[in-house]
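Peer 1: All letters in the sequence shown, in the order written, are residues 1 to 552 by my numbering.
All residues carry an ideal CB built from backbone N, CA and C; glycine is no exception.
Source: prediction; values computed, not measured.
Below is one structure. I have some questions about it.
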Amino acid sequence: MTDLLEFVGGLLDGLGLVALAIMIGGIGYTLTILRIRCGGLPYQNRLGALALSFTFYGALALGGVRFLQLLLKPLALADATSFWALERFIRTHVFQLNAVSLGLICLLAVQLERARRSPARRGIWLGILLTLAAFLVNEAGLSHASSRLADGTVLMVGTIVHVLGATIWAGGIVHLLLSWHALKKHEDAATSVWPQLVARFSPLGIVSMMLVVSGGSYLAWQYVGAWHGLLGTGYGNMLLVKIGLFIGIMGLAALNLFAGRRWVRTGSTSSMTTAVPIYIQVEIVLAIAMLFSASTLTSFPPAVDVLEAAATPQEVWTMFSPKLPHLAGPEQVMIEAPELTDLRTGTVGRKPDMSWDRFNHNASGVIVLILAGLALLDWSGRVTWARHWPMLFVAFSLLIIVFANPDHWPLGPASFWESFQSTEVVQHWLAGGVVFGLGWFEWWARRCQAASSHVRFVFPILCIAGGIILLTHSHSINELKTEFLVQSTHVAMGWLGVLAGCGRWMELQLPPPQARMAGLFSIIAIMLVGWILLFYINPELPEPVGSASIEG
């Protein structure tokens, strides 16, 4: 049960960061883009009311998440220690800082409601900014910076700068997209007001990204410590994912910047009302994935603290390098058997056991590579029957649900409820359900050619959701290095899943030249997932009986 509570807690951490971005980004968007106190922008009152309402709801959501987190922490502690420790938890530094944050969030919600009713009052906005500053300082006390013996204050400042930049930008683009949905109903507003908002947002986005890069670079330098810490630890692994997502975000932001400058020079609004909203949608998806990655990052110890246990580049490469896949069912391995320990020498005994892990992953890789190949044939337009490739996802989902955890329900002795209490099993069930939905809805959309139906968007949405689940995927941490090596493959597949979903999303909405490129990008991402699965090994398992060690 503790593992399940930790998994739920991780999801709440991600949702909390999204809500925080909506709140802080809404404040920045209202003041600097809509310039609610200055006036002069058509539809300003309507857009301001919309932005402030969503900002207010973001504050409420953040408060609700923080309240649930305060409830879950003592529950997890009670489940792990078999006694209720609420009184002790209340006296901890973590509870006290979270309680202060919750109080400041409630105060911000009240102030935002007042600002929604009287947006031009200077005193209200001054109070909001002061409360927000106090909240960010208090939040820095919950970060890794507060536990450092050296340079703690500077690290806290770097954390505040990094978080402020990320949330202003990530939340700001959400509010920018909301403004587009409000304006596109009015043709004159879509061609006059919308380009102004995009052009105004570019400087804010540049400043926000500078804050993200400056604060993040300093934190990475302090927390990673060495190049092999970046490549060979869980902290460094998630940091690389954030960097990869951030590069994609900067590329899309650059396209929006060029569109804004083109409008300023020529007055052309063609790309402003067609491509730019799609790019912003994908930016938001990448931002959400990055925020969930950031929430996962905080659960790992800084890489600099575990460098002695970091995996080497060769060990990491072993997880992804080509090798003969294992497709012959379960393999017999030797596992530790404490009951067979030699009492004279203390050597832990071993006994044979069966493992399905490598077979499950490698067989899944075969299926994914085949369906990706069929998808490529379908993309070429030359093989009509290849449009049925999504049905292979259905077979893939059954493989995940049935064989991913053979010791649990439905094959193993563990009952459904016992299996439900295992975080890893639940995550595999969720992944199987997502994969089933991928196949069924995409096949239906392609078979019926539902070009105007919302069904066609199920595939990219589930790809993105599945990718985020994998980014937050956790195993029980017994051995840091082997845990990281397994995690590195899941995180890479999660990152590729998000990219595949974004590619398909753009393929469905962009004009033909860009749509074709986006579709090919999505297929390549799926192929890379198949590659990782096909050559996967589990370093947590001892060497197979009668064979050489998998780690050489």
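Between the stretch 46-63 and the stretch 201-209, do three or more beta carbon pairs fall short of 8 Å?
Peer 2: Contact between the stretch 46-63 and the stretch 201-209 is absent, because fewer than three Cβ pairs lie under 8 Å.
Peer 1: May I ask you to report which of helix, strand or coil DSSP gives Gly329?
Peer 2: To locate residue 329, count along the sequence shown from 1; it is residue 329. Coil.
Peer 1: In its own chain, which residues sit with a C-beta less than 8 Å from the C-beta of Ile477, not counting the 5 before and 5 after it?
Peer 2: For this step, residue 477 is matched to residue 477 along the sequence shown. Here the model assigns Ile477 a pLDDT of 47, short of 50, so the residue's position is not dependable, and the following value carries that caveat. Closer than 8 Å at Cβ, skipping near neighbours: Glu483.
Peer 1: Are at least three pairs of beta-carbons, each pair with one atom in the stretch 508-518 and one in the stretch 346-361, less than 8 Å apart?
Peer 2: Counting Cβ pairs under 8 Å, fewer than three are found: no touch.
Peer 1: Report all residues from its chain with a CB closer than 8 Å to the CB of Gly48; omit the five preceding and five following residues, and keep chain order.
Peer 2: Residue 48 sits at position 48 when you count from the first residue of the sequence shown. Only Thr30, Leu34, Ile36 and Pro119 meet the Cβ criterion.
Peer 1: If you reduce the DSSP assignment to three classes, tell me which class Gly141 lands in.
Peer 2: Along the sequence shown, read from residue 1 onward, the residue named residue 141 stands at position 141. Coil.
Peer 1: Go through its chain and collect everything with a Cβ distance to Ile160's Cβ below 6 Å, but skip five positions before and after it.
Peer 2: Walking along the sequence shown from the start, residue 160 turns up at place 160. So the list reads Leu136 and Ala140, once near-sequence residues are dropped.
Peer 1: Are the beta-carbon atoms of Pro460 and Gly501 separated by less than 8 Å?
Peer 2: On the sequence shown, residue 460 is found 460 positions in, with the first residue counted as 1. On the sequence shown, residue 501 is found 501 positions in, with the first residue counted as 1. In contact: Pro460 and Gly501 (Cβ atoms closer than 8 Å).
Peer 1: Thinking just about the alpha-carbon of each residue, which of Cys463, Leu291 and Ser488 is nearest to the one in Val498?
Peer 2: As a working mapping, residue 498 is identified with position 498 in the sequence shown. Closest by alpha carbon: Cys463.
Peer 1: When the distance is taken between beta carbons, is Leu392 closer than 8 Å to Ala370?
Peer 2: Residue 370 sits at position 370 when you count from the first residue of the sequence shown. Residue 392 sits at position 392 when you count from the first residue of the sequence shown. One detail in the question is off: residue 370 reads as Ile in this sequence, not Ala. Closer than 8 Å, so yes.
Peer 1: Take Leu376 and list the residues in its own chain whose beta-carbon comes closer than 6 Å to its own, dropping the five residues that flank it on each side.
Peer 2: To locate residue 376, count along the sequence shown from 1; it is residue 376. Excluding sequence neighbours, Leu376 sits near Ile523.
Peer 1: Assuming Ile128 and Gln111 make a contact with CB atoms under 8 Å, what is their CB distance in whole Å?
Peer 2: For the purposes of this step, residue 128 is identified with residue 128 of the sequence shown, where counting begins at 1. For the purposes of this step, residue 111 is identified with residue 111 of the sequence shown, where counting begins at 1. Indeed they touch by this definition, with Cβ atoms about 5 Å apart.
Peer 1: Within 10 Å of its beta-carbon, does Gln314 have 16 or more other beta-carbons around it, so buried, or fewer, so exposed?
Peer 2: Along the sequence shown, read from residue 1 onward, the residue named residue 314 stands at position 314. It counts as exposed.
Peer 1: Figure out for me which residue from Val306, Gly10, Arg446 and Leu471 has the closest Cα to the Cα of Lys242.
Peer 2: The count along the sequence shown starts at 1 and reaches residue 242 at position 242. Residue Leu471 is the option with its Cα nearest to Lys242.
Peer 1: In the DSSP assignment, find the unbroken alpha helix (DSSP H) run with His428 in it and report its ends.
Peer 2: On the sequence shown, position 428 is the one that residue 428 refers to. Unbroken alpha helix (DSSP H) run through His428: Thr423 to Cys448.
Peer 1: Just how far apart, CA to CA, sit Val174 and Ser415?
Peer 2: Along the sequence shown, one-based indexing puts residue 174 at 174. Along the sequence shown, one-based indexing puts residue 415 at 415. Those two C-alpha atoms are separated by around 43 Å.
Peer 1: Could you tell me the alpha carbon to alpha carbon distance between Phe258 and Ile288, rounded to whole angstroms?
Peer 2: Here residue 258 refers to the residue found at position 258 of the sequence shown. Here residue 288 refers to the residue found at position 288 of the sequence shown. Their Cα atoms are separated by approximately 24 Å.
Peer 1: Does DSSP put Trp268 in a helix, in a strand, or in coil?
Peer 2: Counting from one through the sequence shown, the residue named residue 268 turns up at place 268. According to the sequence displayed, residue 268 carries Ser and not Trp. In the structure shown, Ser268 sits in coil (DSSP, three-state: anything other than H, G, I, E or B).
Peer 1: Which partner residues of Ser355 appear in the DSSP bridge assignment?
Peer 2: For this step, residue 355 is matched to residue 355 along the sequence shown. According to DSSP, which records beta bridges pairwise, Ser355 is partnered with Glu331.
Peer 1: What residue range does the alpha helix (DSSP H) around His93 cover?
Peer 2: Numbered from its first residue, the sequence shown carries residue 93 at position 93. Looking at the DSSP string, the run of the alpha helix (DSSP H) that includes His93 is His93 to Arg117.
Peer 1: Look at Val193 and Pro42 and say whether their C-beta atoms are less than 8 Å apart.
Peer 2: Here residue 193 refers to the residue found at position 193 of the sequence shown. Here residue 42 refers to the residue found at position 42 of the sequence shown. Yes, the Cβ-Cβ distance between Val193 and Pro42 is below 8 Å.
Peer 1: Do Ala145 and Leu155 count as a contact pair if the criterion is CB distance below 8 Å?
Peer 2: Taking the first residue of the sequence shown as position 1, residue 155 is located at position 155. Taking the first residue of the sequence shown as position 1, residue 145 is located at position 145. A contact, by the Cβ cut-off of 8 Å.
Peer 1: On the criterion of 16 or more Cβ atoms from any shown chain inside 10 Å, does Val264 qualify as buried, or is it exposed?
Peer 2: Your numbering for residue 264 matches position 264 in the sequence shown. Looking at its Cβ environment, which holds fewer than 16 other Cβ atoms inside 10 Å, Val264 is exposed.
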